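S.K.:
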Amino acid sequence: VDEVIVACRPPEDLTVQVAFEHPVAHPEAITAAIQQLLAQLAPRLIAQGVGVLQLDCCLLCQNHQTREIRIGLFQPTADPGHLLALIRMQLERLKLPEPVQEIRVAAISTAVRSQRQSELFADMAPRDPVKLGWLIERLSNRLGPERVLQARLQADAQVERAYQCQPLTGQRPPRDACEPAADSTAVPGPMFRPLRLVDPPRPIEVVGIALEGPPAKFFDRGETYRVARYFGPERIETGWWRGPSVRRDYYRVDTTGGNRLWLFRRLQDQQWFLHGEFE
Amino acid sequence: VTTRYAELHCKTNFSFLQGASHPEELVERAAESGYDALAITDVASLAGVVRAHAAAKQHGLHLVIGAEIEPRDAPPVVLWVTDRAAYGRLCRLITLGRRRAPKGECHLAWQDVAEHAEGMLAGVLIRDPDREHGQALRGYRECFGERGSLLAELHYGPDDAHRLEQLQQLARSSGLALAAAGDVYYHTPARQPLQHVLTAIRHGVPVDRAGHRLFSNAQRHLKSLDEIQAMFHTIPEAIQRSAEIAGRCTFSLDELRYEYPHELAPAGMTPIEYLKQLTWQGAKRRYPDGVPPKVIGLLRHELQLIEQLHYEAYFLTVWDLVVFARSRGILCQGRGSAANSAVCYCLEITAVDPERMDLLFERFISRERNEAPDIDVDFEHQRREEVLQYLYQKYGRERAGMAAAVITYRTRSAIREVGKALGLSLDRIDQLAKNMDGYPQQAIELQQRCQEMGIDTDSEVGRRLIHLTRELIGFPRHLSQHVGGMVMTRGPLCELVPIENAAMPERTVVQWDKDDLEELGILKVDCLSLGMLTAIRKCFQLVQARPAGSN
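Which chain is which? The protein sequence lines are A and B, in order. All letters in the first sequence, in the order written, are residues 1 to 279 by the working numbering. All letters in the second sequence, in the order written, are residues 1001 to 1551 by the working numbering.
1. Among A:LEU153, A:GLU212, A:ASN141 and A:LEU84, which one has its Cα closest to the Cα of VAL271 of chain A?
2. In terms of residue numbering, what span does the alpha helix (DSSP H) encompassing HIS1059 of chain B cover?
3. Who are the neighbours of GLY243 of chain A on chain B, taking C-beta pairs under 9 Å?
4. What is the DSSP secondary structure of ARG202 of chain A, counted as helix, strand or coil?
5. Please classify THR1095 of chain B as buried or exposed, where buried requires at least 16 other C-beta atoms within 10 Å of its C-beta.
6. Cα separation between ARG1029 of chain B and LEU1222 of chain B?
7. Is ASN1501 of chain B helix, strand or coil by DSSP?
8. How many Å lie between HIS1310 of chain B and ILE236 of chain A at the Cα?
9. Give a yes or no on whether 8 Å exceeds the smallest Cβ distance from PRO1236 of chain B to chain A.
10. In whole angstroms, what is the alpha-carbon distance linking LYS1434 of chain B and TRP241 of chain A?
11. For CYS1143 of chain B and ALA1044 of chain B, which I take to be in contact (beta-carbon distance under 8 Å), what is that distance rounded to the nearest angstrom?
12. Should GLY1019 of chain B be labelled buried (16 or more other beta-carbon atoms within 10 Å of its own) or exposed?
13. Going along the chain, which residues of its own chain have a beta-carbon closer than 6 Å to the beta-carbon of ARG1335 of chain B, five neighbours each way excluded?
14. Can you list, in chain order, the residues of its chain with a C-beta nearer than 8 Å to that of VAL105 of chain A? Leave out the 5 residues immediately preceding and following it.
15. Bridge partners of HIS1062 of chain B, per DSSP?
16. Output, in chain order, the set of chain A residues within a Cβ distance shorter than 7 Å of TYR1156 of chain B.
17. Give a yes or no on contact between the stretch 1022-1040 of chain B and the stretch 1267-1277 of chain B, applying the rule of three or more CB pairs nearer than 8 Å.
18. So GLU1398 of chain B and LEU1493 of chain B are supposed to be a Cβ contact under 8 Å. How far apart are they, rounded?
19. Give the DSSP bridge partners of HIS1478 of chain B, in chain order.
20. Check for me: the beta strand (DSSP E) holding GLU21 of chain A runs from which residue to which?
21. Would DSSP call ILE1201 of chain B helix, strand or coil?
22. Just grab the DSSP bridge partners of CYS1527 of chain B for me.
23. Cβ closer than 8 Å: which chain B residues qualify as neighbours of GLY192 of chain A?
24. Quick one: residues in its chain with C-beta nearer than 7 Å to the C-beta of ASP1073 of chain B, no 5 flanking neighbours on either side, listed in chain order?
25. Do VAL24 of chain A and VAL130 of chain A come within 8 Å of each other at the CB atom, strictly closer than that value?
26. Where does ARG1099 of chain B sit, in a helix, a strand or coil, going by DSSP?
27. Between which two residues does the beta strand (DSSP E) carrying GLY1123 of chain B extend?
28. Excluding five sequence neighbours on each side, which residues of the same chain lie with their C-beta closer than 7 Å to the C-beta of ARG1213 of chain B?
29. For the alpha helix (DSSP H) that contains ILE1239 of chain B, what are its first and last residues?
30. Less than 8 Å between the CB atoms is what I'm expecting for GLU1302 of chain B and SER1341 of chain B, so what's the real figure, rounded?
31. Just how far apart, CA to CA, sit CYS178 of chain A and LEU195 of chain A?
32. Please list, in chain order, all residues of the same chain as SER184 of chain A whose beta carbon is under 7 Å from its beta carbon, the five residues on each side excluded.
33. Any beta carbon from chain A within less than 8 Å of MET1038 of chain B's own beta carbon?
34. Classify ILE330 of chain A: buried if its beta carbon has 16 or more other beta carbons within 10 angstroms, exposed otherwise.
35. Counting only beta-carbon separations shorter than 8 Å, does GLN1219 of chain B have a partner in chain A?
36. From the DSSP secondary-structure annotation, give me the bridge partner or partners of TRP1080 of chain B.
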């Protein structure tokens, strides 16, 4: 089989640095130095038509200790003012053990910037998506990127793998993760999947009419639920390539109390679990 | 009361990269499970039916012949044949779609199906009952009348009860009765991983990225009668209908009586009379000083045997080829089991004088074995094409075709494809494939080779790789041309077996290989090409070009 070999060109090193003659401790002075570095970096980014998605700002202190500030972006940017504002948010909270001797700023991940003509009257531009981006970036840099997430659908029959939460910043826009199904019945519609999942599925005790039949009554965290109606079973047998197969019979049940819940029986050992709640 | 059920919708691994069981495995499982019948319905193909037929005879199972057809402008449909005429029409329909399309595809429209519908039963497949199907279903109802059904196939999906209600609704509004079926892809749920791997290979992605293209459970197997009854307990009439449909399909491949082309003998003569005449004439030419008594005895005996077994047409066909080749100055030579006969010597198919040789004719043709005689004819390799074109010209493309060769997965190709599907790196796969050859004799051998290549065969991935590779070895992957086997018939060939395009332009192959043809007793003449004959001819030319006596 022929394999197309694509030559990998090393990306241009987008690093700028400054070393101080005398170590600097004053935050204002450090900020000013970073500002200068960003001003050096910006034209290089613009020349390549890219913007930063992830930027590292490394502070080398006197006793060889280092402090690192990493910022992630939602939309690639080359705007030094915006980058500085994001760095500042973290710099304010940073405790420096010793005065800083050297500062290095490196663009770790870049992407093509969406081109937008600058407007003569800045206020007339539709700026909302940009503003949303700024909000996301400020939140991510304040709270940490792992706390500002977006859920994306994944094509997988195993429900806890049918979505993925990813940080919103520092990521390239994904290629379409959900490929079309060969058989249109293969993708269960929104009716059949609850919005709220119990993670991980919680073992429950179930009383059924028949050993391998639907549930009639079940107990969860001290409460007793009676099943008024059920739909199913929907059988999921998949994931053999990840390890032991996942084998479950799912039931959507309406309880007499008015809840609509999602239960499954693990086929290997007949153990029941609560896996979700429909709105 | 035991359930009577026939599985009407079942793919074998001759639906390439879809079905995950051999025809024999499916037949065996259906027989074990006590099914009334099993229909083999590959996608626009009858390539697997002969093997299924042989296995069904062995297990005493009623086999239904059919195919799944996907018209581009109507819902897909499973067609089953009731009799020989309908079987011929199904072959014709598949040929039509296959000849129109590039190799491996089949392009048909609803109109084509309607034109060939006579004598066939149809099961319409509605995979998305939410969409509007009224018009298409009315079309099927008008065309097939009460021979049409709507297939109810359940696989523990998100809401089977609702789906069944929708299908019942469609059945009522269209007038097509519901028939239960399984949309079977493998004989046992244990083949689910292999079916997933095949799906991944088909789409060119690793299994973990195949997503919703994989079936979400292992329910596409031949279920037990109890399971069938439980699944369709609300509509027992659909189970009954399936058994009824199978009961109406009484056609068996045994009915395909092969008929030799009629132009072999001149008008007013039967083929055996003509063969006798040619043989005795030939004998006089071969033995100008009088035919030795030993040879006379041999000829009488052989001709008697040929007459009893009705092989005269076969000998005449080969004779015709040889005469054509001689007339064009193409060197040729017969060989093979039936070739060393006195008849072949007298017909100048071979040059082995039976007077000086002692070969028992029965060794090659015998009444008990009832096997087709085998005469291979070698032609100069550069000019064999002329011989093939002569056959196409003489019998027409309608009546002559080339036997298929079923290309199967060997160790090397199997481990390559399985490795890719399991997401191994390309250089690792290359390294593995390069060190594999042929079909390993034992499981241990494959395991050892893998270990030598640095695969941890006790790891999960290693065990999966070996298990799946072993299962995939021997699976058919596509149909190719046989090296030279030509099939000629009296009636249209495409009513005996579907014909499809080969990779080579202007070449067509039938969907059966030499074993299939032999199983059904269909004549095949091997026109092989031999490079040495070309060399000999060139040598003759050189000798002739030099004046005698010169050095």
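All C-beta atoms in this analysis are idealised placements derived from N, C-alpha and C, irrespective of residue type, glycine included. Remember, predicted model here, so these are calculated numbers, not experimental data.
M.R.: In short:
1. The question names Val, but residue 271 of chain A is Gln in the sequence shown. Nearest C-alpha to GLN271 of chain A: A:GLU212.
2. 1049-1059 is the extent of the alpha helix (DSSP H) around HIS1059 of chain B.
3. GLU1460
4. strand
5. buried
6. 7 Å
7. strand
8. Just so you know, the alpha carbons of HIS1310 of chain B and ILE236 of chain A end up roughly 58 Å apart.
9. No, PRO1236 of chain B lies away from the interface with chain A (no Cβ there is under 8 Å from its Cβ).
10. 25 Å
11. That pair is no contact at about 19 Å.
12. buried
13. ASP1376
14. THR15, VAL16, GLN17, ILE34, LEU37, LEU38, LEU41, LEU55, ASP56, CYS57 and CYS58
15. B:ALA1037
16. Neighbours of TYR1156 of chain B on chain A, chain order: PRO233, GLU234 and ARG235.
17. no
18. 6 Å
19. In the DSSP output, where bridge partners are listed per residue, HIS1478 of chain B has B:ILE1407.
20. Where GLU21 of chain A is concerned, the enclosing beta strand (DSSP E) stretches over 15-24.
21. helix
22. B:VAL1377
23. The question names Gly, yet the displayed sequence has Phe at residue 192 of chain A. Those are PRO1158 and ASP1159, listed as they occur along chain B.
24. ALA1109 and TRP1110
25. Not closer than 8 Å, so no.
26. ARG1099 of chain B falls in the helix class under three-state DSSP.
27. For GLY1123 of chain B, the uninterrupted beta strand (DSSP E) run begins and ends at 1120-1124, by DSSP.
28. Excluding sequence neighbours, ARG1213 of chain B sits near THR1199 and HIS1203.
29. 1236-1248
30. 5 Å
31. For CYS178 of chain A, the predicted model reports a pLDDT of 47, less than 50, meaning its position is unreliable and no value from the coordinates is stated.
32. Confidence is the limiting factor: at SER184 of chain A the pLDDT is only 47, short of 50, which leaves the residue's position unreliable and the question unanswerable from this model.
33. Looking at the sequence shown, residue 1038 of chain B is not Met but Leu. False, the Cβ-Cβ gap to chain A never drops below 8 Å.
34. What is shown of chain A runs 1 to 279, which leaves residue 330 of chain A out entirely.
35. yes
36. Residue pairing by DSSP places TRP1080 of chain B opposite B:GLY1066 and B:LEU1121 in a beta bridge.
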